[in-house]
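Here is the structure we will look at, set down as C-alpha cells.
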Amino acid sequence: MIEAEGLVRQFGRFTAVADMTLNVRAGTILALLGPNGAGKTTTVRMLAALLAPSEGEARVAGYDVRREPAGVRASVGLMTDVPGLYEQMPVTDYLNLFATIYGMGPDERRRRIEELIGFFELGEQRAQRMAGFSKGMQQKVALARALIHEPPVLFLDEPTSGLDPLAARAVRTLILGLKHAQRTIVLCTHDLDEAERIADEVVILRQGRIVASGAPAELRARALAGTRVRIEFAGPCPSALQALSDLEGLVGLRFAGTNGRSPAASAAPAVPAAPSASGNGTEASALAAGAGANPLYLALEYTTGEPRAANPPALARLIAGGAQVVSVTCEAPSLEDVYARAMNSEQEDRR
Amino acid sequence: MNEERLMNPPARHPYRVARPATIAWVIAGRHIRESLRNRSTYVMGAFYVLLPLVLAPFTLRPLLESGRRGLGVEAGVLMAVYLLMAGLLPCTWSVGIAAGAFAAEKERGSLTPLLATPASNASIFAGKVLSAVLPAVSLALISVGAHLAEILLLFGPRGLGFLPAVLALLIVALLPATSLLGAGLSAMISARVSTEQAANQYGSLILTLIWFGLLTAVLRVLSWGILAFAGVVALLFVVAIGLVLVSAATWRREEVMARR
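Residue numbers (the numbering used here), protein chains in the order written: chain A, 105 to 455; chain B, 101 to 360.
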C-alpha cells in the first residue's frame, strides 16, 4: 500500500528526511517513532503529497506522489497533530464541506456523515459550533474528517498529543477499531506505549534516518539479546555482586535496589566498598555495616540469554551466601529499551 | 450506522473530485458564512457604510446651498470623492480578509487539512480570493446605494444631478477591480509569508498604495478627462484579473507547507 525508496527532503541546507525506504502492506498499522525533529511529520507530508520529496520515489495506494499527487490526496486521510478545525462551523457543516471537496454526492454525504457521527458518538454535538469542544472531541471530529472519503490509507500525526489519559485511550480504541485488511494506518507518535499497543510495525527515526524497524516483538528481541532478571532480597545483601561475578552468561550485573537517589546515582556503586585492609577491624566493620544498610543492595539485576540455565546456579550461590531471596522477575525487553538504545547511540555519535 | 463501511474501505478512492469551480465556491462560502457569524463583521460593516453618510452632508450642504457660480463641477467632484470613499472603504476589507487567508489559517493549523484534499492549487487560491472579494464588493455596493439615496433624500434629484452619471458608473466599476486587485495581491503575499502579522503588514502597505493611487486618479479626473479615468478603471481590471489568474496558476501548496 505504501512503498518509498530513498526519500529525501531538504529545507535549504537542512536535511529533514534522509534516505527513507519503507514498505507498508495493506492492513498494517505502522508507527513512526522518534523525538521532535526526527522527520516523522515531514515523512507523512511527503507520503500525503503535501510536500514534494527532494529525492527518491514513493507510491501510496498505487499513485506516485510526484506524478499523481491528486490521486494520492484522494486516497489518503490526514489527521494533523493539531485538530485544525474551522471552529465557527457546526460538526455536520464541517464534514459536509470536506465531503463536497472529495466529490461525494448529496445522498452519499448525508449517509457518510451519519455513519461517522454514529461511530464517533458525536450525535449530541452535531449541530454545535466546534469552538467550545474539548481537545478530545476536536480530535474525534478531525479523525472523522480524515475518514469522510473512505480512504484506504490513513495518516495520523500524534493523534493523542495533548489529550488526558482517558481521552487518549478513547482515541487509541477508535484507531484500533479502524484497522482492517484493506486500510493502512501510519501513526506518528512519541508515545512508546501507544506504539507498542497499536502498531504491527514500528520505524524509529533519528535525525531523519531510520535507525530501527520491524515488528515490536522482533525489535525487542533484536535490541537486547536476552532476558533481564531482577532478584530482590529481604534485607541488604552487599556481597551478592561478588558472589555472582565469575558466573558465566550474566551480562550487566549490578545492584538495582531503590535508595531514594536518582537512577544515575543508584547505578553508580556497582561494586560495594571492600573493607580496608590497612584499617583496624572496628573501622572495617563499620564501613561494611554502612554499606550493608544501603537500600541499593536490596535488589540485583542482570541480563542473560539463557535464563533457564543461568538462573538456578545464580540463585543457589546467593542463597548459599546467606541472601534471603524474596522474588525473581524475568522481563523481556520493552520497546522503550529499543528506543532508548537507538537514541543513546545518537548521543554516542555526537560525542 | 453502517460500521461495515467504516471498517472496510475500498482499495482505491471511490469518488471523483469535485470540479474546481465547485471547490472554489465551497471554500469561499465557508469563509463568508464564518464572517457572517462574527459580530465584528457587522460592527465593521456598519462603520464603513455610516462614515461617508455622516461626513458627506457636512461639506455638501454648505456647497449646494451657497448658490455660487461654478457650483456644479465642484459639487460633482466632491460627490464623486464621497462616492469613491463610500465604495472603497468596504472594498479595503477584502485586503484584510485575503491577508489572513493562508498565513492565519496556517498558524491556526486549519490550512493543512484543506491542502491535504485533492482540490487543485488554483481552486484553493481562487476560493480564498473569492471569499475576500464577494463580501467586500457586496458591502461596497450597499454603501454606494446608501450614499446615493442619502444625496437624493437631502438634496433631491437636482442635487444628485450634479454627480456625472458616467463618472459614477466608472467609480462603481472600479470597486470590484480594486477589491480583486487588493485581494489578489494580499492572498499572493499571504501564501508566501509565515505569519499572519507579516501578512497584515504587507496588506496595510497594499491598502495605502491603493488609497493614494485611486484618490489621486479621482481628483485628477478634471484635468485628465473622463476617458482617461475610464482607461485607469479598465487597466485596473486587466491588471487585477491577470494577477489573480497568474497567481492561481503559479501558486503551489508546497510553498505553504515548505515554509518552516
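Ideal placement from N, C-alpha and C gives every residue a C-beta, glycine not left out.
- On the three-state DSSP scale, how would you describe residue 118(A)? strand
- Item | Straight-line gap, residue 361(B) to residue 276(B) (C-alpha atoms, nearest Å) | Residue 361(B) lies beyond the range of chain B shown here (101 to 360); nothing can be said about it.
- Task: Write down every uninterrupted run of the beta strand (DSSP E) in the region 336 to 368 of chain A whose length is 3 residues or greater and which is fully enclosed by it, in chain order.
- Result: 355 to 359
- Query: Using a C-beta to C-beta distance shorter than 9 Å, which residues of chain A count as neighbours of residue 209(B)?
  - Reply: 184, 185, 186, 187, 188 and 189
- Task: Please check the pair residue 287(B) and residue 229(B), which I expect to be a contact at CB under 8 Å, by giving their CB distance rounded to whole angstroms.
- Result: 5 Å
- Query: Could you give the residue range of the beta strand (DSSP E) that holds residue 289(A)?
  - Reply: 288 to 293
- Spatially closest choice to residue 427(A) from 256(A), 344(A) and 322(A), by CA coordinates: 344(A)
- Based on the DSSP output, what are the partners of residue 194(A) in its beta bridges? Partner(s): 233(A).
- Message: Please return the same chain residues whose Cβ sits closer than 8 Å to the Cβ of residue 174(B), not counting the five positions on each side in sequence.
- Response: So the qualifying residues of the chain are 163.
- Could you confirm whether any beta carbon from chain B is found closer than 8 Å to the beta carbon of residue 147(A)? It does not; no Cβ of chain B falls within 8 Å.
- Query: For residue 347(A), which residues of its own chain have a beta-carbon under 7 Å away from its beta-carbon, when the five flanking residues on both sides are left out?
  - Reply: If you ignore the 5 residues before and after residue 347(A), its C-beta comes within less than 7 Å of the C-beta of 421, 422 and 425, all in its own chain and listed in chain order.
- Report the residues of the region 204 to 230 of chain A with a CB closer than 9 Å to any CB of chain B, ordered along the chain. So the close ones are 204, 205, 206, 207, 208, 209, 212, 215, 216, 218, 219, 220, 221, 222 and 223.
- Query: What are the boundary residues of the beta strand (DSSP E) that includes residue 313(A)?
  - Reply: Taken as a continuous stretch (DSSP letters only), the beta strand (DSSP E) holding residue 313(A) covers 313 to 318.
- Length of the line joining the Cα atoms of residue 261(B) and residue 320(B): Within the model, the alpha-carbon separation for residue 261(B) versus residue 320(B) is close to 21 Å.
- Item | Rounded C-alpha distance that separates residue 120(A) from residue 151(A) | 14 Å
- Query: For residue 110(A), which residues of its own chain have a beta-carbon under 8 Å away from its beta-carbon, when the five flanking residues on both sides are left out?
  - Reply: 123, 124, 125, 159, 160 and 161
- Excluding the five sequence neighbours on either side, which residues of its own chain have a C-beta within less than 7 Å of the C-beta of residue 285(B), listed in chain order? 306 and 343
- Between which two residues does the alpha helix (DSSP H) carrying residue 122(B) extend? 120 to 136
- In this structure, does DSSP put residue 106(A) in helix, strand or coil? strand
- Item | Cβ-based neighbour list, residue 303(A), same chain, cut-off 7 Å, excluding 5 preceding and 5 following | 133, 134, 135, 291 and 320
- Looking only at its own chain, which residues have a Cβ that is under 8 Å from the Cβ of residue 232(A), when we skip the five neighbours before and after it? 194 and 195
- Ordered list of alpha helix (DSSP H) runs contained in the region 251 to 298 of chain B, each at least 4 residues: 265 to 290
- Message: Out of 229(A), 216(A) and 188(A), which one is the CA nearest neighbour of residue 210(B)?
- Response: For the options 229(A), 216(A) and 188(A), the alpha carbon positioned closest to that of residue 210(B) is the one of 188(A).
- Beta-carbon contacts of residue 152(B) that lie in its chain and below 6 Å, excluding the five residues immediately before and after: 182, 185, 186 and 247
- Message: What does the alpha-carbon distance come out to for the pair residue 296(A) and residue 236(A)?
- Response: 30 Å
- Task: With DSSP as the reference, please indicate the residues paired to residue 259(A) in a beta bridge.
- Result: 182(A) and 290(A)
- Report all residues from its chain with a CB closer than 7 Å to the CB of residue 257(A); omit the five preceding and five following residues, and keep chain order. Closer than 7 Å at Cβ, skipping near neighbours: 105, 106, 164, 165, 179, 180 and 288.
- Hey, residue 156(B) and residue 182(A) are a contact pair by Cβ (cut 8 Å); roughly how many whole angstroms apart? Not confirmed; about 52 Å, so no contact.
- Cβ pair count under 8 Å reaching 3, the region 117 to 130 of chain B against the region 202 to 214 of chain A: yes
- Message: Using a 10 Å radius around the Cβ and a threshold of 16 neighbouring Cβ atoms, would you call residue 434(A) buried or exposed?
- Response: exposed
- Query: Start and end of the alpha helix (DSSP H) containing residue 221(A)?
  - Reply: 210 to 223
- Message: To the nearest angstrom, how far is the alpha carbon of residue 447(A) from that of residue 246(A)?
- Response: Looking at the two C-alpha atoms, the distance is approximately 31 Å.
- Query: Assuming residue 130(A) contacts residue 286(A) under a Cβ cut-off of 8 Å, what Cβ separation, rounded to an integer in Å, is found between them?
  - Reply: About 6 Å separates the beta carbons of residue 130(A) and residue 286(A), which is inside the 8 Å limit, making them a contact pair.
- Item | 7 Å Cβ cut-off: residues of chain A touching residue 123(B) | Ordered by position in chain A, the residues that pass the 7 Å Cβ test against residue 123(B) are 205.
- Query: Is the beta carbon of residue 113(A) sitting closer than 8 Å to the one on residue 146(A)?
  - Reply: For the 8 Å CB-CB criterion, residue 113(A) and residue 146(A) form a contact.
- Message: Using C-beta distances below 6 Å, list every residue in its chain close to residue 194(B), excluding the 5 sequence neighbours before and after it, in chain order.
- Response: 232, 233, 236, 279, 282 and 283
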